[in-house]
């Protein structure tokens, strides 16, 4: 499990792609994230839970399977690209964001960015399949960042980013057209799906 509080950004230093549906990328972790690493441990890359397969100092390998390449933005990255990183939460850690599984449900594109003196508002295309789960003042995971949803329209939604988020995550350099990983809040998804199922069953019984 993860908290959606990005701990640092890592640089991809190598990509090996033996086939179209499998690749391994090597990420150089920030110094403060590279202690007590173990093969088999989980690290979120842009919010996607990946397993460490090899460790060489601060350089760590992750394997990306076909499903990961199809559902996330990781398959489009190359050597030199940056990724948001978070190591798996441990029992007793402070949950500063919201509980996240690291299971990306879809990707979406940034449609526009509004900037003022102190913060930035980023708008995203709203996938039709995710409309029931994107709620004003609810939570959403975007490239591994736990963020509060601002406005929600028919085709777009936004989040408001403070300078700290812009400095510590990829959102400081994101631009319109960039593709972002989405993880919806699992509790919201469970409630919405349960209510929809109950109402559907009642409708059949009438």
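In the numbering used here, the protein residues as written are 8 to 213. All C-beta atoms in this analysis are idealised placements derived from N, C-alpha and C, irrespective of residue type, glycine included.
Considering only C-alpha positions, which residue in the set the options is nearest to residue i?
{"i": "residue 121", "options": "171, 85 and 167", "result": "167"}
{"i": "residue 53", "options": "112, 144 and 62", "result": "112"}
{"i": "residue 176", "options": "85, 46, 93 and 33", "result": "93"}
{"i": "residue 31", "options": "47, 68, 48 and 18", "result": "68"}
{"i": "residue 64", "options": "109, 123, 37 and 89", "result": "37"}
{"i": "residue 12", "options": "83, 70, 104 and 75", "result": "104"}
{"i": "residue 151", "options": "25, 189, 173 and 204", "result": "189"}
{"i": "residue 77", "options": "196, 186, 66 and 117", "result": "186"}
{"i": "residue 83", "options": "48, 27, 126 and 179", "result": "27"}
{"i": "residue 159", "options": "145, 172 and 149", "result": "145"}
{"i": "residue 89", "options": "96, 80 and 95", "result": "80"}
{"i": "residue 43", "options": "136, 62, 57 and 25", "result": "62"}
{"i": "residue 126", "options": "66, 178, 56 and 87", "result": "178"}
{"i": "residue 183", "options": "96, 163 and 193", "result": "163"}
{"i": "residue 117", "options": "200, 134, 206 and 171", "result": "134"}
Since residue i contacts residue j with CB under 8 Å, what's their CB separation in whole angstroms?
{"i": "residue 129", "j": "residue 181", "result": "7 Å"}
{"i": "residue 15", "j": "residue 39", "result": "7 Å"}
{"i": "residue 46", "j": "residue 33", "result": "So it is not a contact: roughly 14 Å between Cβ atoms."}
{"i": "residue 9", "j": "residue 51", "result": "5 Å"}
{"i": "residue 87", "j": "residue 19", "result": "7 Å"}
Does any CB atom of chain B fall closer than 9 Å to the CB of residue i?
{"i": "residue 64", "result": "Going by chain labels, chain B is absent from the structure shown, which holds only one protein chain."}
Does the Cβ of residue i have 16 or more other Cβ atoms within 10 Å, making it buried, or fewer, making it exposed?
{"i": "residue 3", "result": "This structure cannot settle anything about residue 3, because the visible part of the chain is limited to 8 through 213."}
{"i": "residue 208", "result": "exposed"}
{"i": "residue 143", "result": "exposed"}
{"i": "residue 210", "result": "exposed"}
{"i": "residue 202", "result": "exposed"}
So what's residue i in DSSP terms, helix, strand or just coil?
{"i": "residue 78", "result": "helix"}
{"i": "residue 25", "result": "strand"}
{"i": "residue 51", "result": "strand"}
{"i": "residue 205", "result": "helix"}
{"i": "residue 40", "result": "helix"}
{"i": "residue 199", "result": "helix"}
{"i": "residue 64", "result": "coil"}
{"i": "residue 210", "result": "helix"}
Inside the region 99-135 only - beta strand (DSSP E) runs reaching at least 3 residues = Listed in chain order, they are 113-122 and 127-132.
Can you list the alpha helix (DSSP H) stretches of 4 or more residues lying completely in the region 137-195, in chain order?
-> Assignment of alpha helix (DSSP H) within the region 137-195, counting only whole runs of 4 or more residues, yields 170-175 in chain order.
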